[in-house]
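Undergrad:
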Amino acid sequence: MVGKRRLGPTNNNNPRQEECAINDSVASVTTLDGKRALVIDDMGAAVAIARNMLLQLGARQVDTAQDYQSAFKQLVQRTYDLVLCDFNLGNGLNGQQLLRDLRHIQRLSYTTLFVVVSAERTKDIVLGTIECEPDGYIAKPFTQGDFKNRIARLMEVQRTFREFNEAMDGKSYETAFALGEQIINNQPQYRSQALRKTAGMLYEQKRFPEALELFERELEKRDQAWARIGRARCIAEMGDTGRAIAEFEDIIQAHPLAIAAIESMAICMLREGRKRDAQEALIKSLELSPMSTDRQRWLGDLSMDIGEMGTALKAYKAVIKLADGTLKETRKQHETYVKAIRKAVESEGDAKIRAEMIAEGRAHVKFAMKKFETHTELLNYNASMFRALEKFNQDKAEEAIAIIDATIQRHKDALAADPEMVIDVAEAKFFAGDRPGAEVLLRKLIKDNEDNKALVERIRAIIDTPVPYYKRVFITEMNRKGKQQYDQGDFDGALQSFRQALNEYPQHPAINLNAVQATLKLIDAGKRSSSALVEAKKYLDNSVALEPEHPEFNRKQAFSRYMEKALKKA
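Going by our numbering, 672 is the number at position 484 of the sequence shown; the sequence numbering is gapless.
1) Can you grab the Cα-Cα spacing for the pair I326 / V305, in whole Å?
2) By Cβ distance below 6 Å, which residues in the same chain neighbour A626 in space, the five residues on each side in sequence not counted?
3) Taking 7 Å as the cut-off, decide whether the C-beta atoms of Q467 and L490 are in contact.
4) Return yes when the Cβ of V235 is within less than 7 Å of the Cβ of T219, no when it is not.
5) Take the Cβ of D612 as the centre, count every other Cβ of all protein chains shown within 10 Å, and call the residue buried at 16 or more, exposed below.
6) The beta strand (DSSP E) that contains V661, what's its start and end?
7) Measure the alpha-carbon distance for I439 versus A446 and round it to whole angstroms.
8) Just mark L290 as buried or exposed, buried being the case when its beta carbon has 16 or more other beta carbons within 10 Å.
9) Specify whether the stretch 625-642 and the stretch 663-681 touch according to this definition: at least 3 beta carbon pairs, one from each stretch, less than 8 Å apart.
10) Return yes when the Cβ of S380 is within less than 7 Å of the Cβ of R421, no when it is not.
11) Alpha carbon to alpha carbon, how far is Q294 from L287? Give it in angstroms, no decimals.
12) Leaving out five residues before and five after L281 in sequence, what residues of the same chain have Cβ atoms less than 8 Å from its Cβ?
13) Could you tell me how far apart the beta carbons of Y693 and I647 are, in whole angstroms, since I believe they sit closer than 8 Å?
14) In whole angstroms, what separates the C-alpha of I546 from that of G283?
15) Are D269 and R224 closer than 7 Å when you measure CB to CB?
16) Sort I417, R431, Q346 by Cα distance to P444 and report the nearest one.
17) Can you tell me the Cα-Cα spacing of E206 and E496, whole angstroms?
18) Can you say whether C563 is buried or exposed, counting buried as having 16 or more other CB atoms within 10 angstroms of its CB?
19) Could you give the distance in angstroms between the alpha-carbon of P654 and the alpha-carbon of V610?
20) How should P322 be labelled, buried or exposed, when 16 other C-beta atoms within 10 angstroms of its C-beta is the threshold for buried?
21) Which two residues bound the contiguous beta strand (DSSP E) that contains L272?
22) In the structure shown, what three-state DSSP assignment does T518 receive?
23) The alpha helix (DSSP H) spanning Y391 covers which residue range?
24) Out of G549, L296, G461, R459, point me to the one whose CA is closest to L501's CA.
25) Please classify N667 as buried or exposed, where buried requires at least 16 other C-beta atoms within 10 Å of its C-beta.
Here you go:
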């Protein structure tokens, strides 16, 4: 399931991100006087050249690293005034991933300048690097003079904001706010940067009205994309997602490469229940910048939630590739991927393609178990479930069910502790044709979690729709769409949506009752004759028998009484 997401932080309102706007004075040899620097590059010659230039600028100490792992270790162990990092770090890793990981564990001081150096020109790499919020980006090739001037400008900005950044490191946010206001009021050349930093800090502190005021102060002077994005985010966090979406759409039209605006719009759409629109926005943002592990994972989760298994598999596979060898690599990424393969197998109608997917899943389980030698119970569980799928694909349903039952016994402790695992096993039983066994598991889960209302409602929805996962997703989506149309007064459209859902599972209790309600509304509105009561009665009869504790029981009883009187009268 896709959880609630908060807008930001990204480069468009983060206090660290800055654009240098100062004079072009030539760097003096004391630019880095007494500073400690780190040069990261997988090319030894490039390391030596950069080190010499930094020493010429007055650096006290210049350490070096030639790969992701050694650089990460040094940055975690000590604080540097300047980090000069090449994009390509060898073994498929890069400076963008290093910077993301340092941000993830909050190990990069606000007082540290992190500058990416790169010869890359492709749009996705450039946009992705900028999105990671480096303090500077230097494109290769460059002259020694250009390099020195660029570093000098960055250091001048850093000196101006030194006390502000120290307050941010110390989490002294009121002090940082006061210092930001001083720069805004007294140093006009840095006004825009100070507004951006201070507004970003307020936003991260969830002081949205105050942040909004600062973003609007900037927009009074000039139309800046970052200020427009910040304003729209504040509007969204203050509750007006509809207005925020409209603002994001305007920003994207003017700035098609504004990834932060596209992602923020996706979050707002998700809050409004517009899952497919949110997915479309996420795909667009990943086309521009595909190297975000978090965004790929979000796309995978959202695609699973709406039943688009192909997109989900592609996204989860990208997560594994991007996280490989980095701090963000986890066993759970592999567990999620193989589970998604299993769900995709259930949605595939071609036995040959199913066999290929099962083989891929089993191979990846073996790969992951070799990579992660401990705590592999879920991977072992998935291996067993793939064996069950293989038997089912060979038209051996009874053997598939026997494997699932054996898996339940083998992993009973894990199942007792994880409701999601029980739901997964039940869904596998539904797919294999063991509906009674699936319902036994789910009803026990309800009994064991009576106080968890959200979980109980979800389990009841699965019991009410005993079909494979991908079909249940479609049925849920059509029901949601029909309810939305009903609330908007489009009763005919609502009835059509309910019918599409019922085509997949005609006995669904809630959707049949929804169809009854929509039909009665059409009769009341004069758009159907009283003979449509027969159609409404058919929906009522199709609904499965309900137990008194079922949430739809009372509604069905009320409709039954109403229909009995209405049909007699007709």
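For each residue, glycine too, the CB sits at the ideal point set by N, CA and C. Keep in mind it's a predicted model, so treat the numbers as computed, not measured.
TA: Answer, in terms of the structure:
1) 5 Å
2) A614, K617, F618
3) yes
4) no
5) It counts as buried.
6) Note, V661: premise wrong, no beta strand (DSSP E); alpha helix (DSSP H) at 657-675.
7) Approximately 8 Å, taken between the alpha carbons.
8) buried
9) no
10) no
11) 10 Å
12) D255, Y256, G513, T514
13) That belief does not hold up - the Cβ atoms of Y693 and I647 are roughly 16 Å apart, past 8 Å.
14) Spanning the alpha carbons of I546 and G283 requires a straight line of approximately 36 Å.
15) yes
16) Closest by alpha carbon: I417.
17) Since pLDDT at E206 reaches only 42, below the 50 mark, its modelled position is unreliable, and the value read off the structure follows with that caveat. Approximately 39 Å, taken between the alpha carbons.
18) Per the sequence presented here, residue 563 reads as His, with Cys not at that position. Result: exposed.
19) Spanning the two alpha carbons is a distance of roughly 15 Å.
20) The Cβ neighbour count for P322, taken over all protein chains shown within 10 Å, is at least 16; the residue is labelled buried.
21) 270-274
22) coil
23) 379-392
24) Checking every option, the nearest Cα to that of L501 belongs to G549.
25) So N667 counts as buried.
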